[in-house]
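Residue numbers (the numbering used here), protein chains in the order written: chain A, 1 to 458; chain B, 459 to 746.
Just so it is clear, CB atoms sit at the ideal spot from N, CA and C, and this is done for glycine as well.
Following: one structure in structure tokens, then a few remarks.
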């Protein structure tokens with residue numbers, strides 16, 4: 001076990017577990033809560049100055065928590081609840097005091113919150129990535145969620161990321177033998193994106209415009225004039241948390257899962273974009289398969305060139321059932337070294353698992369066990385392909401999100417004919433609607449094309 | 459591979475911290491939630507201050523001999539560190555009764571620690587007020603120095619106030635209050651005035667272990683070594699030259715870099731069970 005990649009990750013996972021465990025023990029509701037969180041946020045411990053913020057999240061802490069969060073995605077032994085806790089880790093620092101949050105609004109919007117907005121709720125209702133979320137009503141009467149970034153945190157994270165020597169020390173202790181540099185690079189890129197709320201505003205707007213009017217997928221719109229690099233104002237959405245949905249009947253859960261799955265495929269194949277951490281806190285559920293998608297802090301956009309080999313691999317394996325074609329697509333994408341001394345059958349067998357939800361034209365249940373088998377296979381360093389396989393940097397985020405997606409669908413224990421749903425969106429099939437949600441989506445697409453001819457091309 | 463490889467050295471320290479900060483204190487203790495002592499003793503640069511304290515304390519041959527000949531610290535360096543830190547924290551954040559009880563225990567232990575230092579041939583008694591004053595002064599000086607340089611900040615009046623409040627701390631283990639320097643300047647003058655200062659073999663040996671303790675977890679070994687290097691870098695020139703340490707590279711002593719290192723170590727500490735809760739208890743009491 002020590003030789004496997006999982007084994008080498010274990011020390012960090014332990015560290016992550018300790019960190020996660022402490023937060024979980026402290027306030028389990030905080031991890032999942034999404035709507036009425038006022039009571040759970042420890043206002044009695046509110047941070048009162050930028051200096052206190054730095055103590056809590058600056059000086060490497062935020063950055064190291066992020067490493068713990070990354071580790072949480074890849075440790076198959078980590079229970080679901082811990083994984084969720086880890087994913088929410090950076091959201092669990094104490095809130096800012098009302099005065100401190102107001103000072104950020106003054107700096108960013110040029111006016112006290114009570115004047116920048118018609119109504120301002122001085123107590124945050126939710127924690128967010130490196131900030132917190134307040135309810136407010138704009139002066140033109142819209143109910144909004146205002147994400148306010150901790151003061152000083154952007155500067156602090158930038159400075160922490162510059163301390164490569166220390167980062168390398170921590171990361172190489174935690175992931176011995178792995179490519180420390182690429183991990184640090186990925187982490188750095190991700191954090192730099194996360195601290196700039198304007199980037200997130202662009203991404204969220206991109207998604208919100210595309211999904212405008214969609215029957216089940218909702219992306220809250222951005223209020224541009226009240227958004228800056230450290231303040232992000234979006235339409236306020238209320239809905240049920242993931243934890244609640246786990247208590248809904250299976251039919252409702254299946255529909256929610258179908259929508260999440262459709263959101264991922266559609267965003268990838270139509271928008272050429274992939275969004276965020278598919279972790280439970282980023283969804284709000286409204287029943288009948290309707291889901292709101294929050295948090296666009298991590299969005300990866302793909303070029304056509306990035307996508308072609310992925311689409312090819314899918315087509316070769318699932319439609320053509322042609323192993324050699326599949327193999328050469330994987331090689332072109334960089335997942336597999338060309339000329340590896342391994343039989344094509346082995347390659348189809350090993351990589352095929354990642355496609356197993358769409359191999360058969362039949363309903364299939366994604367169980368938690370299946371989800372963790374996928375993750376295990378992904379990080380299997382002992383398998384016959386380990387020396388020849390790799391995840392090119394372009395796809396690192398995609399892969400991680402995919403793994404997270406399986407974990408989410410697994411905890412919903414969702415059943416669907418994933419193949420039929422996939423075919424609706426695969427560019428080389430463009431199949432007919434296969435479910436009621438698919439029908440509604442097709443209507444939306446027709447209306448959209450009629451309204452805006454250019455959209456049909458996408 | 460040593461069977462003790464990977465011992466979690468943070469655990470005894472975390473337990474000591476959690477136990478010292480009582481959930482239901484009878485009163486505000488010897489100093490009280492509004493004291494400078496309360497503020498300074500929860501500074502996250504404390505591990506650095508602790509390392510610097512030990513390095514200076516060890517330079518008094520008789521103080522060092524008492525530890526070297528009467529303590530199991532070498533078998534269990536972190537247990538020993540935890541005991542000392544538990545004492546400091548109990549006297550700080552515990553109620554008055556807990557502080558006195560802890561001090562009585564220390565005095566009782568000291569009464570059995572007597573002997574002759576092999577390096578200087580001089581006799582020592584751990585209960586000797588002049589040795590206790592040295593230990594106290596080295597600690598208070600290190601805390602002031604490190605917190606001012608790498609902590610949340612302590613202005614000159616604050617530092618003087620801290621040194622003055624800490625007179626009580628020395629008194630508790632048996633140093634007459636009139637002998638304890640009550641200000642930063644008088645504290646420095648006292649340290650400079652102590653003639654018996656040298657790095658005996660026992661001191662070099664001890665500091666070697668502290669800078670690179672055996673059995674550290676991989677996760678934190680490098681961090682600990684870095685911390686030790688910074689602590690050595692904060693030593694006054696006389697102490698540095700006694701140990702033969704090179705002058706520190708100014709870049710590696712830069713505030714932001716050191717704060718980042720402290721932050722990494724602090725995260726590992728804070729993720730131990732009970733630490734965050736104890737910190738919250740302190741925080742809530744200072745806000746009450």
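**Prompt:** Opposite residue 128 of chain A in the DSSP bridges: which residues?
**Reply:** Stepping through the first chain from its first residue, residue 128 of chain A is reached at position 128. In the DSSP output, where bridge partners are listed per residue, residue 128 of chain A has A:131.
**Request:** Measure from the alpha carbon of residue 712 of chain B to the alpha carbon of each residue in A:163, A:201, A:326, then state which is nearest.
**Result:** As a first step, residue 712 of chain B must be located in the second chain, where it is residue number 254. When only C-alpha atoms are compared, the closest one is A:163.
**Message:** Using the Cβ count rule (16 or more neighbours within 10 Å means buried), how would you classify residue 261 of chain A?
**Reply:** Within the first chain, numbered from 1, the residue matching residue 261 of chain A stands at position 261. Answer is buried; the Cβ neighbour count reaches 16.
**Message:** Please classify residue 550 of chain B as buried or exposed, where buried requires at least 16 other C-beta atoms within 10 Å of its C-beta.
**Reply:** As a position in the second chain, residue 550 of chain B is number 92, starting the count at 1. Residue 550 of chain B comes out buried.
**Asked** Buried or exposed: residue 653 of chain B, going by 16 or more other Cβ atoms within 10 Å of its Cβ?
**Response** Your numbering for residue 653 of chain B matches position 195 in the second chain. The residue is exposed, with fewer than 16 neighbouring Cβ atoms inside 10 Å.
**Per-residue contacts from residue 430 of chain A into chain B (C-beta, under 9 Å)** = On the first chain, position 430 is the one that residue 430 of chain A refers to. Against chain B, a Cβ distance below 9 Å from residue 430 of chain A picks out nothing, because the smallest value is about 50 Å.
**Message:** With three or more beta-carbon pairs closer than 8 Å as the criterion, would you say the segment 332–351 of chain A touches the segment 286–304 of chain A?
**Reply:** Here the segment 332–351 of chain A does not lie against the segment 286–304 of chain A, with fewer than 3 beta-carbon pairs under 8 Å apart.
**Message:** Counting only C-beta atoms, is residue 404 of chain A closer than 8 Å to chain B at any point?
**Reply:** Numbered from its first residue, the first chain carries residue 404 of chain A at position 404. For residue 404 of chain A, the answer is no, since every Cβ of chain B falls outside 8 Å of its Cβ.
**Within-8 Å CB hit, residue 170 of chain A to chain B** = The count along the first chain starts at 1 and reaches residue 170 of chain A at position 170. For residue 170 of chain A, the answer is yes, since a Cβ of chain B falls inside 8 Å of its Cβ.
**Request:** Rank B:669, B:470, B:684, B:504 by C-alpha distance to the C-alpha of residue 165 of chain A and give the top, closest one.
**Result:** Within the first chain, the letter at position 165 stands for residue 165 of chain A. For the residues B:669, B:470, B:684, B:504, the minimum Cα distance to residue 165 of chain A belongs to B:684.
**Request:** Have a look at A:245, A:268, A:330 and flag the residue whose alpha-carbon is nearest the alpha-carbon of residue 257 of chain A.
**Result:** What you label residue 257 of chain A is simply residue 257 of the first chain in a count that begins at 1. With distances taken between Cα atoms, residue 257 of chain A lies closest to A:245.
**Request:** Would you list the residues sitting across from residue 147 of chain A in a DSSP beta bridge?
**Result:** Stepping through the first chain from its first residue, residue 147 of chain A is reached at position 147. Looking at the DSSP output, residue 147 of chain A bridges to A:133, A:232.
**Asked** Nearest CA to the CA of residue 710 of chain B: which residue from B:719, B:703, B:499?
**Response** Sequence index remark: in the second chain, residue 710 of chain B carries index 252 (1-based). Restricting attention to B:719, B:703, B:499, the CA atom closest to the CA of residue 710 of chain B is found in B:719.
**Item:** Residue environment, residue 82 of chain A, which counts as buried when at least 16 other CB atoms sit within 10 Å
**Value:** By 1-based counting over the first chain, the position of residue 82 of chain A is 82. Since pLDDT at residue 82 of chain A reaches only 42, below the 50 mark, its modelled position is unreliable, and the value read off the structure follows with that caveat. Around the beta carbon of residue 82 of chain A, a 10 Å sphere encloses 16 or more other beta carbons of the protein chains shown; the residue is thus reported as buried.
**Message:** Between the alpha carbons of residue 188 of chain A and residue 62 of chain A, how many angstroms are there, rounded?
**Reply:** Position 188 of the first chain holds residue 188 of chain A. Position 62 of the first chain holds residue 62 of chain A. Cα to Cα, residue 188 of chain A sits roughly 12 Å from residue 62 of chain A.
**Asked** Between which two residues does the alpha helix (DSSP H) harbouring residue 261 of chain A extend?
**Response** Mapped onto the first chain, residue 261 of chain A falls at position 261. Its alpha helix (DSSP H) spans residues 250–269.
**Prompt:** With distances taken between CB atoms, is the gap from residue 45 of chain A to residue 94 of chain A smaller than 8 Å?
**Reply:** Indexing the first chain from 1 puts residue 45 of chain A at position 45. Indexing the first chain from 1 puts residue 94 of chain A at position 94. Closer than 8 Å, so yes.
**C-alpha gap between residue 205 of chain A and residue 221 of chain A, whole angstroms** = Sequence index remark: in the first chain, residue 205 of chain A carries index 205 (1-based). Sequence index remark: in the first chain, residue 221 of chain A carries index 221 (1-based). Their backbone Cα atoms lie some 6 Å apart in a straight line.
**Message:** Can you tell me whether residue 105 of chain A is buried or exposed? The criterion is at least 16 other CB atoms within 10 Å of its CB, across all chains shown.
**Reply:** Within the first chain, numbered from 1, the residue matching residue 105 of chain A stands at position 105. Buried is the call here.
**Message:** Would residue 417 of chain A and residue 341 of chain A qualify as a contact pair, given that the criterion is a beta-carbon distance under 8 Å?
**Reply:** Within the first chain, the letter at position 417 stands for residue 417 of chain A. Within the first chain, the letter at position 341 stands for residue 341 of chain A. No.
**Message:** I'd like to know whether the C-beta of residue 616 of chain B is nearer than 8 Å to at least one C-beta of chain A.
**Reply:** Taking the second chain and counting its residues from 1, one reaches residue 616 of chain B at position 158. Answer no: the Cβ-Cβ gap between residue 616 of chain B and chain A never drops below 8 Å.
**Close-in-space but distant-in-sequence residues of the same chain around residue 540 of chain B (CB under 6 Å, 5 per side omitted)** = Your numbering for residue 540 of chain B matches position 82 in the second chain. Hits under 6 Å: 470, 471, 474.
**Asked** Ends of the beta strand (DSSP E) at residue 109 of chain A?
**Response** Here residue 109 of chain A refers to the residue found at position 109 of the first chain. Counting along the chain, residue 109 of chain A falls outside any beta strand (DSSP E), though it belongs to the alpha helix (DSSP H) covering 98–109.
**Three-way DSSP call (helix, strand, coil) for residue 572 of chain B in this model** = Your numbering for residue 572 of chain B matches position 114 in the second chain. Here residue 572 of chain B sits in strand by DSSP.
**Asked** From this set, A:436, A:249, A:407, which residue's C-alpha is nearest residue 420 of chain A's C-alpha?
**Response** Counting from 1 along the first chain, the entry for residue 420 of chain A is found at position 420. Answer by Cα proximity: A:436.
**Request:** Return the first residue and the last residue of the alpha helix (DSSP H) that residue 524 of chain B is part of.
**Result:** Taking the first residue of the second chain as position 1, residue 524 of chain B is located at position 66. For residue 524 of chain B, the enclosing alpha helix (DSSP H) covers residues 519–528.
**Request:** Count the CB pairs spanning the segment 285–297 of chain A and the segment 192–208 of chain A that are closer than 8 Å, and state whether there are at least three.
**Result:** yes
**Message:** Using a 10 Å radius around the Cβ and a threshold of 16 neighbouring Cβ atoms, would you call residue 85 of chain A buried or exposed?
**Reply:** Sequence index remark: in the first chain, residue 85 of chain A carries index 85 (1-based). With a pLDDT of 43 at residue 85 of chain A, under the threshold of 50, the modelled position of that residue is not reliable, and the figure given next carries that caveat. So residue 85 of chain A ends up on the buried side.
**Message:** Tell me the DSSP secondary structure of residue 300 of chain A in three-state form.
**Reply:** Looking up residue 300 of chain A in the first chain gives position 300. Note: residue 300 of chain A maps to strand in three-state DSSP.
**Asked** Any idea if residue 423 of chain A is buried or exposed, counting beta-carbon neighbours within 10 angstroms, 16 or more meaning buried?
**Response** The count along the first chain starts at 1 and reaches residue 423 of chain A at position 423. Answer is buried; the Cβ neighbour count reaches 16.
**Rounded straight-line distance, which links the Cα of residue 663 of chain B to that of residue 577 of chain B** = Residue mapping note: residue 577 of chain B aligns to position 119 of the second chain, counting from 1. Residue mapping note: residue 663 of chain B aligns to position 205 of the second chain, counting from 1. So the two alpha carbons sit approximately 13 Å from each other.
**Item:** Short Cβ contact (8 Å threshold) for residue 608 of chain B with residue 495 of chain B
**Value:** Position 150 of the second chain holds residue 608 of chain B. Position 37 of the second chain holds residue 495 of chain B. No. Outside cutoff.
**Prompt:** So, does the CB of residue 502 of chain B fall closer than 8 Å to a CB anywhere in chain A?
**Reply:** Looking up residue 502 of chain B in the second chain gives position 44. So, interface residue.
**Item:** Proximity winner among B:744, B:536, B:622, relative to residue 635 of chain B (alpha-carbon distances)
**Value:** Residue numbering aside, residue 635 of chain B sits at position 177 when the second chain is read from its first letter. Restricting attention to B:744, B:536, B:622, the CA atom closest to the CA of residue 635 of chain B is found in B:622.
**Message:** Please list the terminal residues of the continuous alpha helix (DSSP H) segment that includes residue 283 of chain A.
**Reply:** Looking up residue 283 of chain A in the first chain gives position 283. No alpha helix (DSSP H) holds residue 283 of chain A; the beta strand (DSSP E) holding it covers 283–287.
**Request:** Taking only beta carbons into account, state which residues of the segment 552–577 of chain B come closer than 7 Å to chain A, listed in chain order.
**Result:** none
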